[in-house]
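**Student:**
2 protein chains.
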Amino acid sequence: MKEQLTAKQKKVFDFIKDHIRSENVPPTVREIAARFGYASPGTVQDYLRILKDRGLINIKKNFYRGIELLVPAFGIPVLGRIRAGAPEHAVEDIEEWIDVSGLFPRDNDVFALRVMGDSMEGSGIMEGDLAVVKKQPSAGNNDIVVALMEDEATIKRFKSRGNNVWLEPDNPRYEPIRERAFSVIGKVVGIIRNY
Amino acid sequence: MKEQLTAKQKKVFDFIKDHIRSENVPPTVREIAARFGYASPGTVQDYLRILKDRGLINIKKNFYRGIELLVPAFGIPVLGRIRAGAPEHAVEDIEEWIDVSGLFPRDNDVFALRVMGDSMEGSGIMEGDLAVVKKQPSAGNNDIVVALMEDEATIKRFKSRGNNVWLEPDNPRYEPIRERAFSVIGKVVGIIRNY
DNA sequence: GAGAATACTGTACGTATGTGAACGATGAGT
DNA sequence: ACTCATCGTTCACATACGTACAGTATTCTC
Numbered sequence: 004m005k006e007q008l009t010a011k012q013k014k015v016f017d018f019i020k021d022h023i024r025s026e027n028v029p030p031t032v033r034e035i036a037a038r039f040g041y042a043s044p045g046t047v048q049d050y051l052r053i054l055k056d057r058g059l060i061n062i063k064k065n066f067y068r069g070i071e072l073l074v075p076a077f078g079i080p081v082l083g084r085i086r087a088g089a090p091e092h093a094v095e096d097i098e099e100w101i102d103v104s105g106l107f108p109r110d111n112d113v114f115a116l117r118v119m120g121d122s123m124e125g126s127g128i129m130e131g132d133l134a135v136v137k138k139q140p141s142a143g144n145n146d147i148v149v150a151l152m153e154d155e156a157t158i159k160r161f162k163s164r165g166n167n168v169w170l171e172p173d174n175p176r177y178e179p180i181r182e183r184a185f186s187v188i189g190k191v192v193g194i195i196r197n198y
Numbered sequence: 004m005k006e007q008l009t010a011k012q013k014k015v016f017d018f019i020k021d022h023i024r025s026e027n028v029p030p031t032v033r034e035i036a037a038r039f040g041y042a043s044p045g046t047v048q049d050y051l052r053i054l055k056d057r058g059l060i061n062i063k064k065n066f067y068r069g070i071e072l073l074v075p076a077f078g079i080p081v082l083g084r085i086r087a088g089a090p091e092h093a094v095e096d097i098e099e100w101i102d103v104s105g106l107f108p109r110d111n112d113v114f115a116l117r118v119m120g121d122s123m124e125g126s127g128i129m130e131g132d133l134a135v136v137k138k139q140p141s142a143g144n145n146d147i148v149v150a151l152m153e154d155e156a157t158i159k160r161f162k163s164r165g166n167n168v169w170l171e172p173d174n175p176r177y178e179p180i181r182e183r184a185f186s187v188i189g190k191v192v193g194i195i196r197n198y
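These protein sequence lines map, in sequence, to chains A and B. With the first sequence counted from 1, adding 3 to any position gets you the numbering used here. With the second sequence counted from 1, adding 3 to any position gets you the numbering used here.
1) Give me the Cα-Cα distance between B/I79 and B/E182, rounded to the nearest whole angstrom.
2) Does the contact criterion of 3 or more C-beta pairs under 8 Å hold for the stretch 63-83 of chain B versus the stretch 108-124 of chain A?
3) Here's the rule: buried if 16 or more other CB atoms are within 10 angstroms of the residue's CB, otherwise exposed. What is A/G58?
4) Provide the residue span of the alpha helix (DSSP H) that contains A/K13, from first to last.
5) Could you give the DSSP three-state label for B/I180: helix, strand or coil?
6) Determine the direct distance from the alpha carbon of A/P179 to that of B/G120, and round the result to whole angstroms.
7) Check whether the stretch 145-154 of chain A touches the stretch 5-19 of chain B, taking contact to mean three or more Cβ pairs, one atom from each stretch, closer than 8 Å.
8) Relative to chain B, which residues along the stretch 112-128 of chain A have a C-beta separation below 8 Å, given in chain order?
9) Does the count of Cβ pairs from the stretch 155-166 of chain B and the stretch 100-111 of chain A closer than 8 Å reach three?
10) Kindly indicate which residue of A/K64, A/I194, A/V32 has the alpha-carbon position closest to the one of A/E130.
11) Alpha carbon to alpha carbon, how far is A/V32 from A/R38? Give it in angstroms, no decimals.
12) When you compare the CB positions of B/I23 and B/L72, do they come within less than 8 Å of one another, or not?
13) CB A/E209 to CB A/K190, shorter than 8 Å?
14) Here's a check: name, in chain order, each residue in its chain whose Cβ is nearer than 7 Å to the Cβ of A/Y177, leaving out the five neighbours to either side.
15) Closer than 8 Å, CB to CB, is A/F77 near chain B or not?
16) Nearest-angstrom Cα distance between A/Y50 and A/L8?
17) In angstroms, rounded to a whole number, what distance separates the CA positions of A/L106 and B/L133?
18) Indicate whether at least one CB of chain A lies closer than 8 Å to the CB of B/E71.
19) What is the residue span of the alpha helix (DSSP H) that B/K190 lies within?
20) To the nearest angstrom, report how far apart A/V187 and B/S25 are at their CA atoms.
21) Compute the distance between the beta-carbons of B/D173 and B/G125, then report whether it is under 8 Å.
22) Which chain B residues sit within Cβ distance under 9 Å of A/V192?
23) Suppose contacts are defined by Cβ-Cβ distances below 8 Å. Is B/R68 in contact with A/V28 by that definition?
24) Can you tell me whether B/R57 is helix, strand or coil according to DSSP?
25) Beta carbon of A/I53, beta carbon of A/I62: below 8 Å?
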């Protein structure tokens, strides 16, 4: 069995992926046939069988729109090395596929917060970044947390030693916060930045 | 028309969302009925009509599995302000819903790269971060780029003045790169970090 | 030159599915 | 008392859909 897809097979596979991306659901057998001008659903069945044999899709039996991508539809390839030569060659060195939205927990306890200020610059958390936060009432030493001080939310590093807890910025221009009362809203589990 | 959903309506809506999250496709009318023990598809139709009136879903006519969420299924809420009081209250201040994977372009020209080294610390790009890169052969002044130098990929700030182009790290401990040849692979359009 | 894999057409079957209509029960609001 | 939205049932219809099977033609491999 050949591992590589033929050009036509790849086009069918790409169409399924694109359809999921644009319509949020996989296409039906006949929608694929219509897209490529095939007169019969049987043709598409052959393609699907091949894609299934290659491990690219799963087909739920007697399930309408039952084509399941085994590669994340919204994933992007993570490259291990980039080879010299050409950017086109680079894509062959795919280490893994990641679904960006799958990197963060999907609980109802997760929310995002726009970062304000530069008090955490030393940890690479910049103004305008989106901080992904998992709600929890306390934190461990050195965790980066969202804390609430008098109606104001702030991102700082949580410190605890013995019965003592305080907040520390990661920017030498700011002082640790030891005297003011605060409560922990949650722990920062991720940072997302858009240029 | 009331804006708020009743408990049962919310459960139906949540089931649709959960179904998309777990099965990658919206449920059929009868699958919803089966989930809640309804004896008839008509009951579900009523619910769907209500959810549609509330602007939560769209229903494609005569389209199998044609329920379309108008709120991102994999989205997380972005909070504007966090109010004092309780974490539970905070969630009411939702500014918008974002689909994390939708923040980045979905072209085939997008890939990700694991950041190595600390040469861009000053821009908040830390070792271990995932850099999202859009392929392009050149860049503008001050863009953060992925450049290839003798088989080695590196992330630096692209500088151009007149006919002169060079690369600059954002870390005072490193020197600008002016003498070595390099080629631009793409432009860094985002940073993703996981704690 | 035999055999497999690929690439199609055509026809057919059973059914899962969206849709629609008619109707009943309950509870809240005025 | 009356209305109205919500919540539910039953029956029915047309069809979009997955699936299966029987062919044909071309290309590639051994």
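Beta carbons are placed, not taken as given, at the ideal position from N, Cα and C, and that holds for glycine. Predicted, not measured: the structure shown is a model, and the values here were computed from it.
**Tutor:** Considering the structure as presented:
1) Translated into positions along the second sequence, residue 79 of chain B becomes position 76. Translated into positions along the second sequence, residue 182 of chain B becomes position 179. In this structure, the CA atom of B/I79 is about 46 Å from the CA atom of B/E182.
2) By the criterion of at least three beta-carbon pairs nearer than 8 Å, the stretch 63-83 of chain B is in contact with the stretch 108-124 of chain A.
3) The residue given as residue 58 of chain A occupies position 55 in the first sequence. Only exposed fits A/G58, as fewer than 16 other CB atoms lie within 10 angstroms of its CB.
4) Taking the first sequence and counting its residues from 1, one reaches residue 13 of chain A at position 10. It spans 10-26 - the alpha helix (DSSP H) in which A/K13 sits, taken as one unbroken run.
5) On the second sequence, residue 180 of chain B is found 177 positions in, with the first residue counted as 1. Shown here, B/I180 sits in a strand according to DSSP, grouped into three states.
6) On the second sequence, position 117 is the one that residue 120 of chain B refers to. On the first sequence, position 176 is the one that residue 179 of chain A refers to. For B/G120 and A/P179, the distance between alpha carbons rounds to 28 Å.
7) Output reads no: the stretch 5-19 of chain B does not touch the stretch 145-154 of chain A.
8) For chain B, the residues of the stretch 112-128 of chain A that bring a beta carbon within less than 8 Å of one of its beta carbons are V113, F114, A115, L116, R117, E124, S126, G127, I128, in chain order.
9) The stretch 155-166 of chain B and the stretch 100-111 of chain A do not touch, with fewer than 3 CB-CB distances between them shorter than 8 Å.
10) Along the first sequence, one-based indexing puts residue 130 of chain A at 127. Ranked by how close their Cα comes to the Cα of A/E130, the residues A/K64, A/I194, A/V32 have A/I194 in first place.
11) As a working note, residue 38 of chain A is residue 35 in the first sequence. As a working note, residue 32 of chain A is residue 29 in the first sequence. Separation of A/R38 and A/V32 (C-alpha to C-alpha, rounded to the nearest whole angstrom) is 10 Å.
12) Taking the second sequence and counting its residues from 1, the one referred to as residue 23 of chain B is at position 20. Taking the second sequence and counting its residues from 1, the one referred to as residue 72 of chain B is at position 69. Between B/I23 and B/L72, the C-beta gap is smaller than 8 Å, which places the two residues in contact.
13) No statement about residue 209 of chain A is possible, as the shown extent of chain A runs from 4 to 198 and does not include it.
14) Here residue 177 of chain A refers to the residue found at position 174 of the first sequence. Same-chain partners within the cutoff: S122.
15) Translated into positions along the first sequence, residue 77 of chain A becomes position 74. At least one CB atom of chain B sits nearer than 8 Å to the CB of A/F77.
16) Reading the first sequence from its first residue, position 47 is the one you call residue 50 of chain A. Reading the first sequence from its first residue, position 5 is the one you call residue 8 of chain A. Note on geometry: alpha-carbon atoms of A/Y50 and A/L8 lie some 11 Å from one another.
17) Numbered from its first residue, the first sequence carries residue 106 of chain A at position 103. Numbered from its first residue, the second sequence carries residue 133 of chain B at position 130. Approximately 11 Å, taken between the alpha carbons.
18) The residue labelled residue 71 of chain B in the question sits at position 68 within the second sequence. For B/E71, the answer is yes, since a Cβ of chain A falls inside 8 Å of its Cβ.
19) In the second sequence, residue 190 of chain B corresponds to position 187, counting from 1. Segment 186-197 is the beta strand (DSSP E) holding B/K190; no alpha helix (DSSP H) there.
20) Position 184 of the first sequence, counted from the start, is the residue given in the question as residue 187 of chain A. Position 22 of the second sequence, counted from the start, is the residue given in the question as residue 25 of chain B. Whole-angstrom Cα-Cα distance: 31 Å.
21) Here residue 173 of chain B refers to the residue found at position 170 of the second sequence. Here residue 125 of chain B refers to the residue found at position 122 of the second sequence. Closer than 8 Å, so yes.
22) Position 189 of the first sequence holds residue 192 of chain A. Against chain B, the beta carbon of A/V192 has neighbours under 9 Å at N197, Y198, listed in chain order.
23) Taking the first residue of the second sequence as 1, we reach residue 68 of chain B at position 65. Taking the first residue of the first sequence as 1, we reach residue 28 of chain A at position 25. Between B/R68 and A/V28, the C-beta gap is smaller than 8 Å, which places the two residues in contact.
24) Within the second sequence, the letter at position 54 stands for residue 57 of chain B. The three-state reading of DSSP puts B/R57 in coil, since its state is none of H, G, I, E or B.
25) If you number the first sequence from 1, residue 53 of chain A lands on position 50. If you number the first sequence from 1, residue 62 of chain A lands on position 59. No, the pair does not count as a contact, with Cβ atoms beyond the cut-off.
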